[in-house]
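There are 2 protein chains.
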Amino acid sequence: MRKGMRRRASAEYADIVLETLRKAKRPISAYEIISMSRADAAMAPPTAYRALERLIEMGLAHKLESLNAFVACSHSAHHNDMAFAICDSCGSVAEFMLPTLAKALGNWSRSKGFKLNASTIELHGECPTCCKADQR
Amino acid sequence: MRKGMRRRASAEYADIVLETLRKAKRPISAYEIISMSRADAAMAPPTAYRALERLIEMGLAHKLESLNAFVACSHSAHHNDMAFAICDSCGSVAEFMLPTLAKALGNWSRSKGFKLNASTIELHGECPTCCKADQR
DNA sequence: TTGACGAATGTTATATTATACGTTTCATTC
DNA sequence: GAATGAAACGTATAATATAACATTCGTCAA
Ligand SMILES: [Zn+2]
Ligand SMILES: [Zn+2]
Ligand SMILES: [Zn+2]
Ligand SMILES: [Zn+2]
Numbered sequence: 104m105r106k107g108m109r110r111r112a113s114a115e116y117a118d119i120v121l122e123t124l125r126k127a128k129r130p131i132s133a134y135e136i137i138s139m140s141r142a143d144a145a146m147a148p149p150t151a152y153r154a155l156e157r158l159i160e161m162g163l164a165h166k167l168e169s170l171n172a173f174v175a176c177s178h179s180a181h182h183n184d185m186a187f188a189i190c191d192s193c194g195s196v197a198e199f200m201l202p203t204l205a206k207a208l209g210n211w212s213r214s215k216g217f218k219l220n221a222s223t224i225e226l227h228g229e230c231p232t233c234c235k236a237d238q239r
Numbered sequence: 104m105r106k107g108m109r110r111r112a113s114a115e116y117a118d119i120v121l122e123t124l125r126k127a128k129r130p131i132s133a134y135e136i137i138s139m140s141r142a143d144a145a146m147a148p149p150t151a152y153r154a155l156e157r158l159i160e161m162g163l164a165h166k167l168e169s170l171n172a173f174v175a176c177s178h179s180a181h182h183n184d185m186a187f188a189i190c191d192s193c194g195s196v197a198e199f200m201l202p203t204l205a206k207a208l209g210n211w212s213r214s215k216g217f218k219l220n221a222s223t224i225e226l227h228g229e230c231p232t233c234c235k236a237d238q239r
């Protein structure tokens, strides 16, 4: 599809899914997206997964592999090499980017002849808020 | 389990699963483990998952979150902070450890007050062998 | 204008991954 | 030997994801 690209239904689904992800403020599964989305936007699993695929390609969402869940991107740019710190107590996620990290992985790859396409970096632990709560 | 059938010690299942993982030489799913294991060692999914859990705790196996698959550990020590380079062409995996990486993640965590418990670091791309094959 | 074509979308059914739950087993203790 | 309880077992089912097919809709040639 090139000319006259009408606003496709799937783009609408992507909007709805993104809206749902943003409202959630934490990682949610594809099936949670389906059930949390507007009642007038019922969608079958493949539709939700396709919308997610688009959002991820566009850098508007990420999949957290260690949770099998999805989250809205909280960055403006840098859609590659992002890292995530996941709180196992409250489920919150901090998205961040560390040049040192990207450099270290790039260097290792180059030195080993590994052609690096994508990286998954996910930390699990306890966020500052939950740490403080524990100490009380 | 019928009467007369001897109970299989869970440690024995762990041995069988580890043997299967080592034979595979690449990441395999829990269900592949079940079907690839010795015919005399039929096991139900929960049994396989429990064996895997034990092996992972013992540092003898790892779960690759981005593949939902498991692999035998190819290191003698260092069971934390390991990173994996996964070839999307041939499925081979290189397990490695980068002090720089661990340090960078540790520093970030400390500076943000995040209590780091575990890290998932998985690279996707093409291994040297497959890169060479592509160039031909 | 119209119908053939193909890409994008939608739907149904099913595959794959993982765990809740109730039962069985067996070492320990009396 | 019976009572006890922790560990491990398998059945059934939940949760995650995709294959395969049907439908829609823009494009373009006739
Ligand atoms: Zn992002
Ligand atoms: Zn928290
Ligand atoms: Zn290892
Ligand atoms: Zn390869």
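Residue numbers (our numbering), protein chains in the order written: chain A, 104 to 239; chain B, 104 to 239. Even glycine gets a Cβ: it sits at the ideal position worked out from N, Cα and C. Quick caveat, the model's predicted, so the values are computed rather than measured.
Secondary structure of A221(B) (DSSP, three-state): strand. E168(A) and Q238(B) have their alpha carbons spaced roughly 31 Å apart. Note on geometry: alpha-carbon atoms of I159(B) and S195(A) lie some 25 Å from one another.
Membership of E160(A) in the alpha helix (DSSP H) is indicated by the continuous run P148 to E160. Beta-carbon to beta-carbon, F199(B) and G228(A) are separated by about 22 Å, too far to satisfy the 8 Å threshold. Beta-bridge annotation (DSSP): C190(B) is paired with G228(B). If you look at A133(B), you'll find it in the alpha helix (DSSP H) that goes A133 to M139. The contact set of G216(B) on chain A, defined by CB atoms closer than 7 Å, consists of P231 and C234 in chain order. Non-local beta-carbon contacts of L208(B) in its own chain, meaning distances under 8 Å to residues more than five positions away in sequence, involve D184, L219 and S222 in chain order. A distance below 8 Å separates the beta carbons of F173(B) and H165(B).
Excluding five sequence positions before and after I136(B), the CB atoms of its chain that fall closer than 6 Å to its own CB belong to V120, T123 and A151, given in chain order. Burial check for P130(A): the Cβ neighbour count within 10 Å reaches 16 or more, so the residue is buried. In this structure, L226(A) places its C-beta atom within 8 Å of the C-beta atom of A188(A).
Within the region 146–168 of chain B, E168 place their CB atoms closer than 8 Å to a CB of chain A, listed in sequence order. Not a single heavy atom of ligand 4 lies less than 7 Å from the C-beta of S169(B).
In this structure A145(A) is exposed. Its beta-carbon is surrounded by fewer than 16 other beta-carbon atoms within 10 angstroms. Boundaries of the alpha helix (DSSP H) harbouring K215(A): P202 to K215, taken from the DSSP string. Residue-level contact check: N183(A) does not touch chain B, since none of the beta carbons of chain B fall below 8 Å from its beta carbon. Residue-level contact by beta carbon holds for G228(A) and chain B, with a gap shorter than 8 Å. K126(B) has no beta-bridge partner at all, per DSSP. Taking 7 Å as the cut-off, one finds at least one heavy atom of ligand 4 near enough to the beta carbon of S192(B). In the three-state reduction of the DSSP assignment, E168(A) falls in the coil class, being assigned neither a helical nor a strand state. Rounded to the nearest whole angstrom, the CA to CA distance from D143(B) to Y134(B) is 16 Å.
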